[in-house]
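Step one of this worksheet: look at the structure below.
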Amino acid sequence: MCAGQRARISLARAVYKRADVYLLDDPLSAVDAHVGRHLFESCVVGYLRNATRVLVTHQLQFLRDVDQIIILKNGSIAAAGDFETLSASGLDFATLLARDEEEEEKPAAEEKTNVDTEESVLQGSFRKRQMSIHSVSSVDNLTATAPPEGGREEAEMRSAGAVSGKVYGAYLRASGHPVVVTLMVMVAVLAQLLGSGSDWWTSYWVNQEEDHPRSVIERLDSSNLSDPKQFSANFTRSLPENAQFKSGLTRYECIYIYTIMVVALVVVSLLRSFMFFTLAMRASTRLHNTMFAAITRAPMRFFHTNPSGRILNRFSKDMGAVDEVLPSALLDVLQIGLSLIGIVVVVAVVNYWLLVPTVAIGLVFYGLRIFYIASSRSIKRLEGVTRSPVFSHLNASLQGITTIRAFGAQEALIREFDNHQDLHSSAWYLFIASSRAFGFWLDLVCVVYIAVVTLSFLVFGKEEYGGNVGLAITQAMGLTGMFQWGMRQSTEMENQMTSVERIEEYSKIESEPPLESEPNKKPPPSWPEQGRLQFRHMYLYYTPDEPPVLKDLTLEIMPKEKVGIVGRTGAGKSSLINALFRLATIEGEIIIDGRETSTLGLHELRSRVSIIPQEPVLFSGTMRHNLDPFDEYPDQVLWRALEEVELKEAVTELPAGLSSRMSEGGGNFSVGQRQLVCLARAIVRRNRLLVLDEATANVDPQTDTLIQATIRTKFADCTVLTIAHRLHTVMDSDKVLVMDAGQMVEFDHPHVLLQRDGGVLRGMVDQTGRAMADTLARVALQAYNKKYLKETEGTD
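At position 343 of the sequence shown the residue is numbered 343 (the UniProt record's numbering), and the sequence of numbers has no breaks.
Encoded structure:
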């Protein structure tokens with residue numbers, strides 16, 4: 001929505017509150033004069049006539065119709081009274097009124113617009129409301145028919161089915177070079193070989209120790225059996241501390257081998273973990289940077305159709321899962337997978353018949369996993385989607401906390417938040433409950449498997465070595481634990497891979513054109529030198545599936561010309577500026593000093609055109625950073641620009657001058673001061689093209705006058721485009737472009753346009769009333785004579 005539409009919605013929200021006192025903080029500045037007059041007469045003066053209304057405004061033409069006027073100066077009341085008293089008082093009010101009265105005058109009683117609301121004001125309460133609503137809907141062009149700039153908010157996409165192998169591939173590619181990933185896997189395999197080998201070596205060693213006493217007994221003379229003492233002495237002498245086994249190894253050699261394997265296992269395991277988490281951190285960093293780069297290069301339509309909470313969700317929860325949960329799950333899956341292979345091999349070596357129940361439990365676990373993952377994956381995706389509205393609602397509530405408190409809407413907003421949170425909590429609880437149920441069934445199967453292995457040795461393994469029996473049972477217990485945890489972590493891994501999937505979605509969003517021009521098309525540093533601007537059959541689209549917002553726009557603006565752009569709310573004025581900065585899709589040509597903008601990089605284009613927006617933007621850095629973000633100019637240039645906009649004293653009083661930090665959004669400056677900072681920024685850059693997007697709509701008359709005077713002097717040699725609702729700001733322009741429904745309906749000097757019977761600009765001027773229309777026509781005539789008489793004298 002444009003600023004005028006937002007202002008009217010805010011006003012309507014206040015009206016429907018049916019309060020006794022209304023505080024209106026300049027709601028009429030963002031709309032054109034005709035709509036502003038209608039809102040003032042029909043709503044503020046008419047519909048709300050039985051309520052107390054406090055109207056803060058810079059538009060002094062409305063003061064004739066108020067009961068009391070309070071003039072504030074430097075934070076205190078300078079004067080108070082009705083219109084006649086203050087007009088005759090000689091205070092600043094009289095001067096301001098004389099200067100601002102050219103805006104418009106209340107139409108005479110006999111000058112009726114196409115909306116008749118006065119009669120409805122005199123009716124009963126119900127009739128009054130009914131007629132008021134009817135009158136608003138009947139105003140021509142009050143409600144723009146053009147599609148909203150940037151498009152409507154789109155529903156968040158949710159994938160279905162198994163996570164694609166491309167997602168796993170994207171994560172592996174982000175983690176590092178394939179050779180490094182392969183090397184890490186080889187180190188993990190080596191660690192498992194050492195782990196399984198040490199287990200097997202322990203069993204082998206125990207079996208050797210069990211065999212050694214038997215061989216000693218067999219070698220002893222059977223005659224010695226009659227003398228137990230002699231037999232015990234001989235047996236003890238045959239069992240030295242470092243006995244040699246039948247395999248030829250000694251006990252010390254077995255100890256050395258086992259020690260080496262354990263030490264090697266510790267070292268290789270540490271190396272494996274170090275390499276894995278290094279790759280995981282690299283993958284997280286690259287995924288974050290890739291998504292961030294894609295977001296910063298996304299077209300404006302992406303931000304209009306995706307709420308901030310949805311974007312924050314990707315950077316907070318999803319990136320948190322990739323940073324913290326996913327690496328642990330991946331490492332567990334890798335370790336457990338290799339451990340399972342090792343355990344199966346060891347169990348098969350001990351008793352190959354144990355492969356039967358092992359394969360059986362594997363099939364049961366896999367079947368349970370398939371059954372569980374089909375639902376848990378979708379539940380996890382649902383949880384991610386339901387989380388975005390929570391972030392969006394919280395972010396919107398923080399931004400509008402002042403309005404929420406003013407309307408006493410805390411309870412309503414809390415209920416909305418609770419609804420969003422309940423929906424998300426339901427999905428999250430369902431995910432937790434399904435995970436616990438899956439774990440319960442895995443535990444049940446594991447108990448059955450351990451019982452089968454143990455009973456098998458009791459029934460069939462009476463001749464087995466004790467080491468083999470112990471190894472098989474411990475491995476079986478480890479196997480069940482591994483199977484169970486492996487199944488859980490494999491499902492957790494796939495569930496968390498949905499976060500990678502969601503990040504990849506934002507990493508592949510449509511990007512704006514390149515920032516830099518091709519080497520053979522790069523403009524010179526002095527471009528544009530003149531400021532000639534041409535539109536040739538230009539169309540602008542915010543969304544590809546909707547009609548164009550600007551249609552077949554063809555015009556030429558000569559160097560140094562000052563062009564005003566006027567039209568009803570939603571006529572396409574701001575869209576024209578969006579086309580100039582290539583903030584949306586355009587067809588046709590926009591040419592600046594002979595170069596088509598579509599052939600230029602966005603950096604070259606946007607850095608060579610200055611803009612002072614309606615809502616000034618200041619960043620949280622220093623004042624120097626706000627004036628010169630790229631540190632291209634010395635402090636003297638910055639101080640000179642601040643002096644020219646009368647902000648030098650205010651900045652000097654800051655604790656650190658140009659190095660003083662600005663609060664968020666420039667909150668430590670008033671709207672007018674922020675607008676002047678934007679003007680100083682434009683002065684510093686000294687571009688040949690300057691755009692004013694209703695820059696003076698929300699400032700007081702003194703700041704308006706200062707901005708207009710500065711533009712006339714500092715940008716006399718520049719081409720200036722001024723979007724304005726207040727006609728007096730553009731009537732002294734070289735030309736006025738009148739827009740309606742995305743099309744150019746008139747384009748010429750304002751004096752010439754005012755001579756056309758039935759002209760759109762003339763109709764807009766006539767609607768302001770006789771006195772105001774005469775004033776505007778006089779200003780246009782003076783500007784016309786000044787321009788063309790000067791040209792005539794120059795020709796002579």
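Glycine included, each C-beta is placed from N, C-alpha and C at the ideal position.
Rounded C-alpha distance that separates residue i from residue j
i: ARG624; j: GLU510; result: 33 Å
i: GLY657; j: ALA293; result: 33 Å
i: THR285; j: ASP323; result: 9 Å
i: VAL637; j: LEU692; result: 22 Å
i: PRO307; j: SER388; result: 9 Å
i: PHE630; j: VAL189; result: 51 Å
i: VAL563; j: GLU615; result: 21 Å
i: LEU86; j: ILE69; result: 8 Å
i: PHE25; j: VAL56; result: In the sequence under discussion, the amino acid at residue 25 is Asp, which differs from the Phe named in the question. The straight-line gap from Cα to Cα measures roughly 5 Å.
i: ASN50; j: ALA741; result: 37 Å
i: VAL54; j: TYR47; result: 15 Å
i: THR491; j: ILE373; result: 6 Å
i: ALA584; j: GLN755; result: 36 Å
i: LEU312; j: ARG640; result: 40 Å
i: GLN767; j: PRO655; result: 50 Å
i: ILE71; j: ALA88; result: 14 Å
i: PHE391; j: GLY81; result: 48 Å
i: HIS603; j: LEU515; result: 5 Å
i: HIS288; j: TYR449; result: 44 Å
i: THR358; j: VAL344; result: 8 Å
i: TYR784; j: GLN410; result: 55 Å
DSSP bridge partner residues for residue i (one or two, in chain order)
i: ILE590; result: PHE535
i: GLU556; result: GLN534
i: ASP748; result: VAL736
i: ALA79; result: ILE71
i: ARG595; result: ILE592
i: GLN743; result: ASP740
i: THR622; result: ARG661
i: THR768; result: DSSP output for THR768 lists no bridge partner at all.
i: LYS562; result: VAL720
i: SER610; result: LEU690
i: VAL347; result: None; VAL347 has no bridge partner.
i: LEU55; result: LEU24
Candidates the options: closest to residue i by CA position
i: ARG595; options: VAL344, ARG536, LEU576, TYR252; result: ARG536
i: LEU444; options: LEU368, MET731, SER328; result: LEU368
i: GLU512; options: ALA433, THR498, LEU600; result: LEU600
i: LEU458; options: TYR258, ILE473, VAL447, VAL448; result: ILE473
i: THR347; options: SER10, GLY478, LEU576; result: Residue identity differs from the one stated: residue 347 is Val in this sequence, not Thr. The shortest Cα separation from VAL347 among SER10, GLY478, LEU576 belongs to GLY478.
i: GLY588; options: VAL720, LEU602, TYR204, ASP552; result: ASP552
i: GLU209; options: SER175, ASN578, LEU249, VAL44; result: LEU249
i: ALA396; options: ILE414, ILE612, VAL385; result: ILE414
i: GLU494; options: GLU653, ALA360, LEU326; result: LEU326
i: THR719; options: ASN687, THR703, VAL699, LEU265; result: ASN687
i: TRP428; options: SER375, LEU23, ILE401; result: SER375
i: VAL349; options: ALA88, ASP717, ASP199, VAL333; result: ASP199
i: PHE619; options: PRO523, GLY666, SER659; result: GLY666
i: VAL163; options: PHE83, ASP318, ARG377, GLY195; result: ARG377
i: ILE565; options: VAL44, ALA19, MET764; result: MET764
i: GLY165; options: PRO559, TYR539, ASP734, GLU501; result: GLU501
i: HIS420; options: ARG301, ILE77, VAL385; result: VAL385
Closer than 7 Å: residue i CB and nearest the ligand FAD heavy atom
i: ALA777; result: As for the ligand FAD, it is missing from this structure, which has no ligand bound.
Residues of its chain near residue i, where Cβ-Cβ distance is below 7 Å and the 5 sequence neighbours each way are ignored
i: GLU556; result: GLN534
i: GLU504; result: VAL167, ALA170
i: THR454; result: ILE473
i: ALA321; result: GLN496, SER499
i: SER269; result: ALA191
Own chain, CB closer than 8 Å to residue i, minus 5 neighbours either side, in chain order
i: ALA12; result: none
i: ARG488; result: SER435, PHE438, GLY439, LEU442
i: ALA19; result: ALA51
Neighbourhood of residue i by C-beta distance below 6 Å, restricted to the same chain and skipping five residues each side
i: THR290; result: SER507
i: ASP332; result: GLN489
**Message:** Is it the case that the region 641–650 contacts the region 672–685, given that we only count it when at least three CB pairs across the two stretches are under 8 Å?
**Reply:** Touching, per the Cβ criterion.
**Prompt:** So, do the region 275–290 and the region 172–187 have three or more beta carbon pairs nearer to each other than 8 Å?
**Reply:** yes
**Message:** Under 8 Å: do the region 568–586 and the region 516–527 share three or more Cβ pairs, one atom per stretch?
**Reply:** no
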